[in-house]
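Chains as they are written, first to last, in this note's numbering: chain A, 1 to 55; chain B, 1001 to 1211; chain C, 2001 to 2318.
Set out below in structure tokens:
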């Protein structure tokens, strides 16, 4: 059932600013999506310095 | 080497078009252009991999039935895999979409690759939605009650009745996955056939433009 | 972009290449995602709030159930007045002159009086007052039935759904019918009767869901879980699980004027239909984005691609 099953089924906490409202969990999902995108852009890709084939 | 009769044969035409556009070297290449060197290129494959996990866990669930996961701890685990894989699927697909947008990846006659990708995105939302309707729990009761108004409002409800559990489970495990599968297959074959889009400024020198 | 550039971009790549093992990449990705999903499943499981039955409703909120049953008989419930695809009671929402639901017709007929109350009652053996009430109802004409039900519905509403405070009046068998249905629901036999409607195989829960939604109990549960559409509910999930975050844009329109005001005409009152149209248009826009001027130029103006191809740009001195 999941180790944190009890915690996950407590009442959700929401960020509520004016008409904007989002659960902490959804916020975590959205932020991790942005984070993953950002990291994918800036992290060096392994082996990218040495091009193998030739022109 | 082909005679006139062979040239007219549909089978011959199909084989030739296939060989021309997607020879097996293009389908399963062992090299990629030098510019294919960024983590952003991982997300298309990550989306496909998530889809694989979704299909495998979904098949398992469909063999056991829609209510299995309420009373079996194995069932709950398989349902959880299905649930989290869907979250990964959408996260990776959106990152993939952002990446392709900022690369303007539709350049060089790759418009249909973009179109099929966007169709897969929209179709996946519909498929996931039908999944939420067949959870056979409070969430699916509420979502079906609430969503019916949206579909009814534009007449779609007459053919797509979200409160009809039987219809939703059939669409979720049969029709929609086939549609997603076919669109995804076409998308991947287009990517392989057209190749990965070159950088935006790759041909500036050839075209004599300033940096 | 020039045709020449398009041709160059479309042609097979003639520049430098690097080794790239697609199959290995795919297999590794499947393994990693399967492990990640298994870890999250072990830690958190998945949402599964128990379904609500009519028994739950009738036991926990008997007055609400009783009043809703009376509304179904009187034709004042949400479902009874819905219009297409369930009945012809109203024209439903519109897009200006277009009443799309009405045009598509009554494809899922729901008769709240018989489907929700009378037919289920006939499937069980009732106590004497209920059995007599059923006989009297069935022997009366529609006009008489409607008068009784409307009288009682009005009186019950005035008494704040407290049946003990309703003054005597011309209600015919309506109080007994509602009481009989309440007893049936509390015993747990209404769920099956609503679904089967006297049949054996059945997989369409439309009637149950509509009846359930006509009362306050179901709606209150949803409000408690923050699932109502006017508070971004369609993005949310029960408990603390992530929801369908990808529905954020669809959900967004319901939060802003004019769509968040049901009294606004024509848009707020028909928000469901207009938001469907907006989202249909935006989805089409996403699909044909490469053709949309302005949007398709953004990647050239905001040069995120220089980050993606930073190595290549360095190596080629671009």
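The C-beta atom is built at its ideal place from N, Cα and C for all residues, glycine as well.
Buried or exposed, going by whether 16 or more other CB atoms sit within 10 Å of the CB of residue i?
i: residue 2272 of chain C; result: buried
i: residue 2167 of chain C; result: exposed
i: residue 1011 of chain B; result: exposed
i: residue 2050 of chain C; result: exposed
i: residue 1201 of chain B; result: buried
i: residue 53 of chain A; result: With a pLDDT of 44 at residue 53 of chain A, under the threshold of 50, the modelled position of that residue is not reliable, and the figure given next carries that caveat. By the neighbour-count rule (16 or more Cβ atoms within 10 Å), residue 53 of chain A is not buried but exposed.
i: residue 55 of chain A; result: Because the pLDDT at residue 55 of chain A is just 36, under 50, the model does not fix this residue reliably, and the point stays unresolved.
i: residue 6 of chain A; result: exposed
i: residue 40 of chain A; result: buried
i: residue 1172 of chain B; result: buried
i: residue 2284 of chain C; result: exposed
i: residue 2132 of chain C; result: exposed
i: residue 2046 of chain C; result: buried
i: residue 1169 of chain B; result: buried
i: residue 2073 of chain C; result: buried
i: residue 1211 of chain B; result: At residue 1211 of chain B, the pLDDT of 45 sits below 50, so the modelled position is not reliable; the number obtained from the coordinates is stated separately. Residue 1211 of chain B is exposed by the Cβ-count criterion.
Taking the beta strand (DSSP E) that residue i falls in, what are its first and last residues?
i: residue 22 of chain A; result: 20 to 23
i: residue 1031 of chain B; result: 1031 to 1033
i: residue 14 of chain A; result: 14 to 17
i: residue 2016 of chain C; result: It is not in any beta strand (DSSP E) - residue 2016 of chain C carries neither H nor E in the DSSP assignment.
Quick check on the DSSP output: the alpha helix (DSSP H) that includes residue i runs from which residue to which?
i: residue 2053 of chain C; result: Element bounds for residue 2053 of chain C: n/a, residue is neither H nor E.
i: residue 2023 of chain C; result: 2022 to 2044
i: residue 2314 of chain C; result: 2310 to 2315
i: residue 2120 of chain C; result: 2119 to 2122
i: residue 2299 of chain C; result: 2298 to 2301
i: residue 2168 of chain C; result: That residue, residue 2168 of chain C, is in no alpha helix (DSSP H); it is neither H nor E in DSSP.
i: residue 1064 of chain B; result: 1042 to 1064
i: residue 2247 of chain C; result: Premise fails: residue 2247 of chain C is in no alpha helix (DSSP H) and is neither H nor E.
i: residue 1190 of chain B; result: 1176 to 1194
With a cut-off of 8 Å, does the C-beta of residue i fall near any C-beta of chain C?
i: residue 1060 of chain B; result: no
i: residue 3 of chain A; result: yes
i: residue 1107 of chain B; result: yes
i: residue 1166 of chain B; result: yes
i: residue 1064 of chain B; result: no
i: residue 1179 of chain B; result: no
i: residue 1211 of chain B; result: Any reading at residue 1211 of chain B must be qualified, since the residue scores a pLDDT of 45, below 50, and its modelled position is unreliable; the value itself is stated next. Yes, residue 1211 of chain B lies at the interface with chain C (some Cβ there is under 8 Å from its Cβ).
i: residue 1038 of chain B; result: yes
i: residue 1022 of chain B; result: no
i: residue 1032 of chain B; result: yes
i: residue 1009 of chain B; result: no
i: residue 1087 of chain B; result: yes
i: residue 1018 of chain B; result: no
If contacts are defined as beta-carbon pairs under 8 Å, then residue i and residue j qualify, I think. What distance do you get, rounded to the angstrom?
i: residue 1215 of chain B; j: residue 2210 of chain C; result: Here chain B has residues from 1001 to 1211 only, and residue 1215 of chain B is not among them.
i: residue 2274 of chain C; j: residue 2098 of chain C; result: With 8 Å as the limit, residue 2274 of chain C and residue 2098 of chain C do not qualify as a contact, their Cβ atoms being about 11 Å apart.
i: residue 1088 of chain B; j: residue 2036 of chain C; result: 7 Å
i: residue 2006 of chain C; j: residue 1052 of chain B; result: So it is not a contact: roughly 34 Å between Cβ atoms.
i: residue 2181 of chain C; j: residue 2190 of chain C; result: 7 Å
Is the CB of residue i under 8 Å away from at least one CB in chain B?
i: residue 28 of chain A; result: no
i: residue 53 of chain A; result: Residue placement at residue 53 of chain A cannot be trusted, given a pLDDT of 44 that sits under 50; what the coordinates show is reported in the next sentence. So yes, residue 53 of chain A belongs to the interface.
i: residue 2200 of chain C; result: no
i: residue 2003 of chain C; result: no
i: residue 2183 of chain C; result: no
i: residue 2124 of chain C; result: no
Using a Cβ-Cβ distance cut-off of 8 Å, determine whether residue i contacts chain A.
i: residue 2317 of chain C; result: no
i: residue 2320 of chain C; result: No answer is possible for residue 2320 of chain C: it lies beyond the span of chain C, which begins at 2001 and ends at 2318.
i: residue 2309 of chain C; result: no
i: residue 2065 of chain C; result: no
i: residue 1095 of chain B; result: yes
i: residue 2228 of chain C; result: no
i: residue 1124 of chain B; result: no
i: residue 2043 of chain C; result: yes
i: residue 1169 of chain B; result: no
i: residue 1091 of chain B; result: yes
i: residue 1084 of chain B; result: no
i: residue 2304 of chain C; result: yes
i: residue 2274 of chain C; result: no
For a contact defined as C-beta to C-beta under 8 Å, what are the partners of residue i on chain E?
i: residue 2232 of chain C; result: Included in the structure are the protein chains A, B and C, with no chain E among them.
Indicate, with yes or no, if the ligand MG has a heavy atom lying under 7 Å from the CB of residue i.
i: residue 2040 of chain C; result: This structure does not include the ligand MG; it has no bound ligands of any sort.
Checklist line | Where the region 1067 to 1080 of chain B meets chain A: residues whose CB sits under 9 Å from a CB there | finding: Answer set for the region 1067 to 1080 of chain B: 1073, 1076, 1077 and 1080.
Notebook entry, point to check: Using a Cβ cut-off of 8 Å, which residues of the region 31 to 51 of chain A contact any Cβ in chain B, in chain order?
Noted result: Legend: CB atoms of the region 31 to 51 of chain A lying less than 8 Å from CB atoms of chain B belong to residues 32, 33, 36, 37, 39, 40, 41, 43, 45, 47, 48 and 51.
Next item on the list: With 8 Å as the C-beta to C-beta threshold (strictly closer), list the residues of the region 1128 to 1162 of chain B near chain A in chain order.
Entry: The region 1128 to 1162 of chain B vs chain A, Cβ under 8 Å: nothing.
Next item on the list: May I ask you to list, following chain order, the residues of the region 2234 to 2261 of chain C that have a beta carbon less than 7 Å from some beta carbon of chain A?
Entry: Going along the region 2234 to 2261 of chain C in chain order, one finds 2235, 2236, 2239, 2240, 2241, 2242, 2243, 2245, 2255 and 2256 with a Cβ nearer than 7 Å to chain A.
Note to self: Against chain B, which members of the region 2034 to 2060 of chain C pass a CB distance test of less than 8 Å?
What the structure shows: In summary, the residues of the region 2034 to 2060 of chain C whose CB is separated from some CB of chain B by less than 8 Å are 2034, 2036, 2037, 2038, 2040, 2041, 2042, 2044, 2045, 2046, 2047, 2048, 2049, 2050, 2051 and 2052, in the order they occur in the chain.
Next item on the list: Below 8 Å between beta carbons is the criterion; list the residues of the region 2087 to 2099 of chain C that meet it against any residue of chain B, in chain order.
Entry: The region 2087 to 2099 of chain C vs chain B, Cβ under 8 Å: 2092, 2093 and 2095.
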